[in-house]
Amino acid sequence: MPLPSPVRPLRCGNPDCTLPEGGRCARLAEFAEPLADCPDLAREVKSTSEAPSTTAPWSGRHLDPTEADRLLWRTPARLVGVLGPYNAGKTCLMTSFFLQLANGQRGTFPYRFASSLTLHGFRELMDQAGRWTGKEEEGIVPHTTVGADTSKPRHFLHVGLRPKDALDDRHIDLLLSDLPGEWVKGWTEYVDTTATERMNFIRRCDAFILLADAGALLAREGKATDDETSILIRRVLESTQDVNPRPPLALVLSKFDRIIQSVEPPPPEKRAERDAWGARATRLRLTWPALEDARRAGLPIEVFPVSAFPCALNQGQPIGVLDPFTYVMKHADSRERWSPLEVPIPEGVRGFATLRRWRDEHAA
Ligand SMILES: Nc1nc2c(ncn2[C@@H]2O[C@H](COP(=O)(O)OP(=O)(O)OP(=O)(O)O)[C@@H](O)[C@H]2O)c(=O)[nH]1
Ligand SMILES: [Mg+2]
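The following block contains the structure:
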């Protein structure tokens, strides 16, 4: 993000004036020092209620693709594509993951929480989730929207991690995509250039977490969800065909609390086996073959029943949220990485000695 120029706080009523942008005063002939004398110029006064301008190189909210890109170049970051149709529970899963980690409840997850460049973004989501009373008809977090500035959509959440060993202070960046379901649908169904460009990051993902609403997928009338999920798996498979090694894929059956009374999940080591799901597997008519094709193509696959918010926050704990993250990180960590790029300080940059000389020359 460029720093604002020193004259940026100025505003000029004269439409021909470019001084505030670093150009020329339109009334230069009248005033020897337009900056001091021109009456058209006014200092911009910010109202205190206005949000502070973001002169810092990060805003604390979701990162845009350029910021995510910069982070990927600079650090050995792990990029995880969290994908799923509208309302699948993507944002809830990431919010719940963050809550657990930040609370020190890392379970089997091999890292502890260290930092976040998107703390404001998480904070807003956590505030919303904290207000949820547990009723199904209330939303837990707001639906992810495309955002006002469509040229720079902000759709990456960041979590900084340190290995679980308290004496190991290496820092690892984890980037999670938090996309609106409509975009995922656009990418899977009507592939046009805009959709493809927006999803360019897919090829750089170290791992994927795909979500499907467990109730919708395993229900008798779950054909549409089965359809959507299978297409999504196939799109990921197709888009990563020349990525080596093949990225792992965790299929999360979300909102499992809603069906727990009627469906008992198989033991963890059997969850990726079709037969272990018994008669329910027949409802995944297209999803299982897609998973099996992906596995044959070399993608490590695992299935996770998860409940990010089984009840209001003050009444209970999430179930199984850390498991898919533990799984994908185990694979992502085993990938060979380039050492991070140092951002060089440009040569010939003014040191104090040259600065003093330059000042003396100009003062003379
Ligand atoms: N009971 C229950 N409901 C959940 C759970 N996770 C999500 N939900 C419900 O599903 C809704 C949608 O969840 P989101 O996380 O916003 O879904 P999303 O995939 O991010 O949706 P988009 O942003 O619109 O693509 C929430 O508002 C909740 O009502 C869960 O673990 N349990
Ligand atoms: Mg969302």
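So for the sequence shown, my numbering puts the first residue at 1479; every next one is plus one.
Even for Gly, the Cβ is constructed at its ideal location relative to N, Cα and C.
All values reported here derive from a predicted model rather than from experimental measurement.
Using the Cβ count rule (16 or more neighbours within 10 Å means buried), how would you classify G1829?
Indexing the sequence shown from 1 puts residue 1829 at position 351. Under this definition G1829 is an exposed residue.
*asked:* Just to confirm the assignment: which complete alpha helix (DSSP H) runs, minimum length 4, are found wholly within the stretch 1652–1679?
replied: 1659–1667, 1671–1676
Margin query: I want to know whether the stretch 1776–1788 touches the stretch 1733–1742 - three or more CB-CB distances under 8 Å.
Written below: Taking a contact to require three or more Cβ pairs closer than 8 Å, the stretch 1776–1788 and the stretch 1733–1742 qualify as touching.
- Going by beta carbon distance, what residues of the same chain come within less than 7 Å of S1717, once the five residues before and after it are set aside? Looking up residue 1717 in the sequence shown gives position 239. I1680, R1681.
* To do: My understanding is that A1685 touches H1809, with C-beta atoms under 8 Å, so please give their C-beta distance in whole angstroms.
  => On the sequence shown, position 207 is the one that residue 1685 refers to. On the sequence shown, position 331 is the one that residue 1809 refers to. Yes, they are in contact, since the Cβ atoms of A1685 and H1809 sit about 6 Å apart, within 8 Å.
### Task
Let me know if P1517 comes out buried or exposed under the rule of 16 or more other beta-carbons within 10 Å of its beta-carbon.
By one-based count along the sequence shown, residue 1517 stands at place 39. Exposed: under 16 other Cβ atoms inside 10 Å.
ask   = Exposed or buried, E1839, counting other C-beta atoms within 10 Å across all chains shown (16 or more means buried)?
value = One-based indexing of the sequence shown puts residue 1839 at position 361. So E1839 ends up on the exposed side.
Shorter than 6 Å, the distance from the beta carbon of Y1668 to the closest heavy atom of ligand 1, or not? The sequence position of residue 1668 within the sequence shown is 190, counting from 1. Because no heavy atom of ligand 1 lies under 6 Å away, the Cβ of Y1668 does not count as near it: no.
- Task: Tell whether a beta-carbon distance below 7 Å holds between V1662 and L1652.
- Result: As a working mapping, residue 1662 is identified with position 184 in the sequence shown. As a working mapping, residue 1652 is identified with position 174 in the sequence shown. No.
**Prompt:** The alpha helix (DSSP H) spanning W1801 covers which residue range?
**Reply:** In the sequence shown, residue 1801 corresponds to position 323, counting from 1. A small fix is needed here, since residue 1801 is Asp in this sequence, not Trp. 1800–1811 is the extent of the alpha helix (DSSP H) around D1801.
Just checking K1568 against ligand 2 - is the residue's beta carbon closer than 6 Å to any of the ligand's heavy atoms? Here residue 1568 corresponds to residue number 90 of the sequence shown, with the count starting at 1. For ligand 2, at least one heavy atom lies less than 6 Å from the Cβ of K1568.
### Query
Alpha carbon to alpha carbon, how far is A1692 from E1742?
Residue numbering aside, residue 1692 sits at position 214 when the sequence shown is read from its first letter. Residue numbering aside, residue 1742 sits at position 264 when the sequence shown is read from its first letter. The alpha-carbon atoms of A1692 and E1742 are separated by roughly 12 Å.
Can you tell me the Cα-Cα spacing of H1621 and E1660, whole angstroms? By one-based count along the sequence shown, residue 1621 stands at place 143. By one-based count along the sequence shown, residue 1660 stands at place 182. Near 10 Å, if we compare the C-alpha coordinates of E1660 and H1621.
Worksheet item: First and last residue of the alpha helix (DSSP H) that includes F1600?
Response: The count along the sequence shown starts at 1 and reaches residue 1600 at position 122. From DSSP, the alpha helix (DSSP H) with F1600 extends over 1597–1609.
Worksheet entry | Beta-carbon spacing of C1570, V1619 below 7 Å | To locate residue 1570, count along the sequence shown from 1; it is residue 92. To locate residue 1619, count along the sequence shown from 1; it is residue 141. The answer is yes: Cβ separation under 7 Å.
message: I'd like to confirm something about G1562: is its beta-carbon nearer than 6 Å to some heavy atom of ligand 1, or not?
response: Here residue 1562 corresponds to residue number 84 of the sequence shown, with the count starting at 1. G1562 Cβ: within cutoff of ligand 1.
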